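Data block below; observations after.
Chains as they are written, first to last, in the numbering used here: chain Z, 1 to 154; chain E, 155 to 420.
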């Protein structure tokens with residue numbers, strides 16, 4: 001009977017290790033935080049071209065990550081891209097209405113992310129508001145095209 | 155001339171017979187899985203299950219963890235030499251974690267599991283059949299499917315996902331040892347790149363779904379091959395080989411299908 005007890009103990013330890021491993025993967029590897037989703041608020045921004053921005057991309061402010069891109073969809077009324085951002089709830093009621101959003105690139109070949117910069121208007125953005133002032137992604141082909149056509153006209 | 159035709163026809167007939175045999179065997183395997191996996195386990199079944207989890211899970215830990223450590227270390231080493239050319243060695247953590255969680259941990263753990271535990275299950279049940287223990291059980295009114303097969307099946311279903319999680323954890327730690335401690339990747343970027351790119355549901359969750367599927371397939375093949383073999387010493391050796399071959403092929407083939415569905419944008 002003693003043998004069976006140590007075996008049961010071993011199996012219990014094995015399962016506990018499995019659960020702990022899963023917790024490690026969740027917290028340390030996927031960077032899940034224990035805070036609930038109510039700690040964020042959503043804003044929308046329309047871009048005429050998002051380049052290769054992907055859902056779950058970072059949203060930064062002065063280089064500090066303050067949220068992520070939740071969804072990207074095509075607005076069939078204006079035919080531009082509607083990007084839903086979820087930001088830390090600390091920023092709710094802190095961002096002025098004329099905050100600008102720009103799609104930036106990390107490094108030369110890096111991923112694209114959204115950079116926010118605050119304006120000076122007294123009114124603030126609330127849950128579900130739309131950021132009006134946006135700057136689209138730089139598309140390399142368009143830049144080259146512009147450059148070449150400028151050279152030709154000169 | 156006529157004997158030639160006769161010969162050819164008998165060949166075709168044998169081919170058809172083989173096809174029918176294979177189909178029949180598949181059908182038997184399906185019925186076998188359905189019969190043994192359902193059924194409420196009794197209190198005694200619980201302790202039988204526990205013993206099997208100990209055998210296929212706890213005793214497989216060593217080989218799985220050591221392999222995971224080395225695979226993580228090799229990944230980091232190989233990844234570093236490639237990424238450093240692009241000046242992107244900060245992405246090492248992301249590369250190690252994603253390749254382990256999505257592919258390597260479920261697949262390699264399943265292959266090791268098939269070799270370490272699957273073959274042993276086949277041989278054990280096969281020897282029980284060869285020495286007529288299974289028939290004697292039936293004679294005294296004990297259902298061998300519930301007494302022998304079901305605990306082993308369920309033990310496999312539970313053990314392999316846990317082993318896979320262990321494999322990933324140790325592999326990521328091995329990648330950390332080589333990448334950060336030895337090659338000098340900045341520790342912060344190792345973890346932060348990983349955390350920015352790994353999603354709990356899409357990457358870890360899908361990896362665990364994969365390993366659950368592999369657990370069912372590998373244990374099923376192992377136990378069925380043992381139950382269905384020709385009860386001779388040669389039959390046992392053939393069935394053990396078949397277990398490893400079939401389950402490795404099934405794992406690799408299914409892995410492609412699952413990857414296409416989960417990550418291929420299908």
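Yeah, the Cβ is synthetic: ideal placement off N, Cα and C, and Gly gets one too. Since this is a predicted model, take the numbers as computed values, not measurements.
**Asked** For residue 15 (chain Z), which residues of its own chain have a beta-carbon under 8 Å away from its beta-carbon, when the five flanking residues on both sides are left out?
**Response** none
**Message:** Do residue 53 (chain Z) and residue 67 (chain Z) have their beta-carbon atoms positioned less than 7 Å apart in this structure?
**Reply:** no
**Item:** Own chain, CB closer than 8 Å to residue 255 (chain E), minus 5 neighbours either side, in chain order
**Value:** 322, 352, 357, 358, 361
**Request:** Figure out for me which residue from E:339, E:369, E:170 has the closest Cα to the Cα of residue 316 (chain E).
**Result:** E:369
**Prompt:** So, does the CB of residue 220 (chain E) fall closer than 7 Å to a CB anywhere in chain Z?
**Reply:** no
**Message:** Residues of the region 185-216 of chain E in Cβ contact with chain Z at a cutoff of 8 Å, in chain order, please.
**Reply:** If the cut-off is 8 Å between Cβ atoms, the region 185-216 of chain E has 201, 204, 205, 207, 208, 211, 212, 215 near chain Z.
**Asked** Which residue or residues does DSSP assign as beta-bridge partners of residue 71 (chain Z)?
**Response** The partner list for residue 71 (chain Z) (beta bridge, DSSP) reads Z:84.
**Message:** Once DSSP output is grouped into helix, strand and coil, what is the label at residue 98 (chain Z)?
**Reply:** coil
**Given residue 57 (chain Z) as reference, the closest of Z:70, Z:47, Z:51, Z:63 once Cα atoms are compared** = Z:70
**Request:** Would you decide whether residue 305 (chain E) is buried or exposed? Buried here means 16 or more other CB atoms lie within 10 Å of its CB.
**Result:** buried
**Message:** I'd like to check one pair, residue 308 (chain E) with residue 374 (chain E): are the Cβ atoms closer than 7 Å?
**Reply:** no
**Prompt:** If you draw a straight line from the C-alpha of residue 271 (chain E) to the C-alpha of residue 209 (chain E), how long is it?
**Reply:** 8 Å
**Request:** Can you give me the Cβ contacts of residue 415 (chain E) inside the same chain, cut-off strictly under 6 Å, excluding the 5 residues immediately before and after it?
**Result:** Setting aside the 5 residues that flank it on each side, residue 415 (chain E) has no residue in the same chain whose C-beta is closer than 6 Å to its C-beta.
**Message:** Quick check: residue 261 (chain E) and residue 409 (chain E), are their CB atoms within less than 7 Å of each other?
**Reply:** yes
**Request:** Step through the CB atoms of chain A and report whether any lies within less than 7 Å of the CB of residue 74 (chain Z).
**Result:** Included in the structure are the protein chains Z and E, with no chain A among them.
**Length at least 4, wholly inside the region 269-305 of chain E: the alpha helix (DSSP H) runs in chain order** = Those alpha helix (DSSP H) runs which fall completely within the region 269-305 of chain E and span 4+ residues are 273-284, 287-293.
**Prompt:** Of the residues E:199, E:266, E:237, which one's Cα is nearest the Cα of residue 217 (chain E)?
**Reply:** E:266
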